[in-house]
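In the working numbering, the protein residues as written are 552 to 1309.
The next block holds one structure in the form of structure tokens; read it before the comments.
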């Protein structure tokens, strides 16, 4: 296959050289290329064959239509090159070519026109640097025998025309094929067709840029050749050209078919009453993936405690649950956990991360009041739409309306538009503040339409404090055209006049309305990512047409379920954790060992920093101490994300400086391993005279019961026979019983089984 591809590329280059040297019309070249057998794999009967045409010759030069695509294709105007804010080596271009006039001036006029030389175009600095003939920090980007080089050279020779505003504009691009099923390691050539405002269609494949949303599933090269990987799942490949985007989606199943028993089990799941299991099973059937079996009771007990309330079960709680025989015990346990105070503490911590409860921004008094408001609302199980609405419409003195601190965290209307879109809609729009979003549909008009909702909100002095009022600037203007932009939600029509009344109230009303396609999907996806380790859209705050969900039917079903249940978060949690999907084992079977996307087994998830530290304190029986915090508080109860604590910092506690969930780091590191191994804090807790180990050793229990209690505290399970024998022998040969018990507890705390939820 690769030799076929290279051969056709060589033929293509030869035809271009013949056309250039002998004056043949480019149309003849195109016809010759199109007559070649299309590039496609012959490995499967359903291959989608496409043809890729040559780069068309410009007809009446236009800087935007003819030159910007070349600069974008070779990365010249990206943020890593000349598109960065300060430019590169004195040459600055706008990111993705959003400012045509500035880019034209930079190339043609700056430096007294030294970058282009129409009299001898090939001696232009623009070409000499891009070919590497003159030293260039970015290296050689283009060779002289490429058609893109010829396009730049001919444009310079023609006098660098800018073009006319009446020239055709691009309307859309279309990727072919749009979707298909691929076998593992199979290839698929994509083609990209641009449609212009005059109705003309043009093959722009060789000037488009390509990017995959999941490299573990498929790679794409610069020419649009997609190569499927060796993992099953669904992948999207994005093509971009002149600010337009489109995607190709591939579903990649396992090659081997499932056996009859596995298919029968999945078909039964498709008929399940649980909306989650129905959709997951249907997808696994498409991918030829058999799910792992159910986890055992000890695993479920520890898993659901950690995920739901951020707390380990105590040894006593574990022993009691494992002694029960009721078929309904998992359901009963979940219902109990949802009503525990730790549920409120834990989910307040999660929301405090997103809403940026930050002492350095709000001050001690403000951060405490803001945190307490969140805590009270989570404790009341206030519906998520009402919770969001009260934040958006907050008004009045800060002492009376703590929700108004939301606007103290983000006082700038532009930043508030970013935050609300990211937190409540799952959409990143910040790129559209300065230019059309390069990977989505959002324009500067869309961005400033969201920003206009918040320009009325301003703080005014109020008896030594501040009060949030609704009396600010009422107009927002487009930064480039200076036209007035009236407030309107993302994806909604642009109004011709300003909405009447409090604009923030209008936004809050739209937020949970059926017209809003984002709110329910975003919240459902965030919850799903927390419990299952990976969002249906990943990253969770990056919903866009070029990053589609891995299981769209499941995401739609979860969003519908959340809306139908009046945005009751506890009800959503209950449904997720009682699904067969959530209760699967982490142990892979022969079909799903490489599956990381489709929820055929439970993922290993490292405990969050606060949860892990609380687990250490609970299993050792010694409370943690935090500077400036009342004794007895657990890490998940801390309202201040800046309380100095080395353990929490090493394990990735967020500082709450942004609304991005990526601030919290849960990936394991060498530093974390070394800290747990050598931490004096952990050693002191294990040896503490009033700690759990010392207390157990004072009780009149034999070695086997002592071992059981340590295992139940750390792992929520009884030790295996092999573990009993090994730890029992260590206790027998160690002269000081306390030290032997400390050794056992220390080894368990340092194990993956303790550090991870599984």
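A virtual CB, placed ideally from N, CA and C, is assigned to each residue, including glycine.
8 Å Cβ cutoff met for residue i and residue j
| i | j | result |
| --- | --- | --- |
| residue 678 | residue 704 | yes |
| residue 1083 | residue 1101 | no |
| residue 651 | residue 615 | yes |
| residue 1110 | residue 1080 | no |
| residue 856 | residue 1187 | no |
| residue 1092 | residue 1212 | yes |
| residue 779 | residue 730 | no |
| residue 831 | residue 1132 | yes |
| residue 843 | residue 640 | no |
| residue 935 | residue 976 | no |
| residue 759 | residue 792 | yes |
| residue 1063 | residue 1070 | yes |
| residue 1049 | residue 1032 | no |
| residue 1296 | residue 1258 | no |
| residue 970 | residue 929 | no |
| residue 983 | residue 993 | yes |
| residue 1113 | residue 943 | no |
| residue 714 | residue 834 | no |
With 16 other Cβ atoms within 10 Å as the buried cut-off, status of residue i
| i | result |
| --- | --- |
| residue 1237 | buried |
| residue 518 | In the structure as shown, the chain starts at 552 and stops at 1309, and residue 518 therefore has no counterpart that could be examined. |
| residue 723 | exposed |
| residue 1303 | exposed |
| residue 765 | buried |
| residue 1014 | exposed |
| residue 1197 | exposed |
| residue 916 | exposed |
| residue 654 | buried |
| residue 680 | buried |
| residue 585 | Note that residue 585 has pLDDT 34, beneath the 50 cutoff, so the model's placement of it is unreliable and the number below is only indicative. Label assigned to residue 585: exposed. |
| residue 567 | Residue confidence for residue 567 is low, a pLDDT of 35 falling below 50, so the modelled location carries little weight; the figure read from the coordinates is stated next. With 16 or more Cβ atoms within 10 Å of its Cβ, residue 567 is classed as buried. |
| residue 939 | buried |
| residue 978 | buried |
Heavy atom of the ligand PLP within 7 Å of residue i beta-carbon
| i | result |
| --- | --- |
| residue 962 | Of ligands this structure carries none, so the ligand PLP is not represented either. |
Spatial neighbours of residue i in its chain, beta-carbon cut-off 6 Å, leaving aside the 5 residues before and after
| i | result |
| --- | --- |
| residue 836 | 817 |
| residue 1011 | 1018 and 1020 |
| residue 1022 | none |
| residue 771 | 761, 763, 777 and 788 |
| residue 1046 | 1037 and 1039 |
| residue 756 | 603, 742, 743 and 775 |
| residue 576 | Any answer about residue 576 is weak, because its pLDDT of 37 lies below 50 and its placement is not dependable; what the coordinates show is given next. If we look at residue 576 and ignore the five residues flanking it on each side, it has no Cβ neighbours. |
| residue 980 | 972, 993 and 998 |
For residue i, the first and last residue of its enclosing beta strand (DSSP E)
| i | result |
| --- | --- |
| residue 798 | 795 to 803 |
| residue 1115 | First-last for residue 1115: 1103 to 1115, but that is the alpha helix (DSSP H), not the beta strand (DSSP E). |
| residue 792 | 784 to 792 |
| residue 1013 | 1009 to 1013 |
| residue 738 | 738 to 740 |
| residue 1018 | 1016 to 1020 |
| residue 754 | 752 to 754 |
| residue 723 | 721 to 727 |
| residue 730 | 730 to 732 |
| residue 762 | 760 to 763 |
Sequence-distant residues of its chain with Cβ nearer than 8 Å to residue i (five each side left out)
| i | result |
| --- | --- |
| residue 1193 | 909, 910, 911 and 1206 |
| residue 805 | 735, 783, 838, 839, 840 and 1142 |
| residue 905 | 974, 1210 and 1212 |
Boundaries (first-last residue) of the alpha helix (DSSP H) holding residue i
| i | result |
| --- | --- |
| residue 1297 | 1288 to 1300 |
| residue 1201 | 1197 to 1201 |
| residue 1249 | 1243 to 1249 |
| residue 778 | Element bounds for residue 778: not the alpha helix (DSSP H) but the beta strand (DSSP E), 776 to 779. |
| residue 940 | 935 to 943 |
| residue 1227 | 1221 to 1229 |
| residue 900 | 892 to 906 |
| residue 1071 | 1070 to 1083 |
Whole-number beta carbon distance between residue j and residue i, since they are thought to touch under 8 Å
| i | j | result |
| --- | --- | --- |
| residue 956 | residue 921 | 4 Å |
| residue 1233 | residue 1224 | Not confirmed; about 13 Å, so no contact. |
| residue 795 | residue 707 | Not really, about 26 Å apart at Cβ, beyond 8 Å. |
| residue 1178 | residue 1195 | 6 Å |
| residue 1312 | residue 853 | Residue 1312 lies beyond the range of the chain shown here (552 to 1309); nothing can be said about it. |
| residue 1124 | residue 863 | Between residue 863 and residue 1124 the Cβ distance is about 18 Å, and since that is not below 8 Å, they are no contact. |
Closer than 8 Å to chain B by CB, residue i
| i | result |
| --- | --- |
| residue 1150 | Absent from the structure is chain B; it holds one protein chain and no more. |
Other residues of its chain near residue i: CB distance less than 7 Å, five sequence neighbours each side excluded
| i | result |
| --- | --- |
| residue 596 | Residue placement at residue 596 cannot be trusted, given a pLDDT of 37 that sits under 50; what the coordinates show is reported in the next sentence. Contacts found: none. |
| residue 918 | 908, 909, 910, 1190 and 1191 |
| residue 1301 | 1227 and 1228 |
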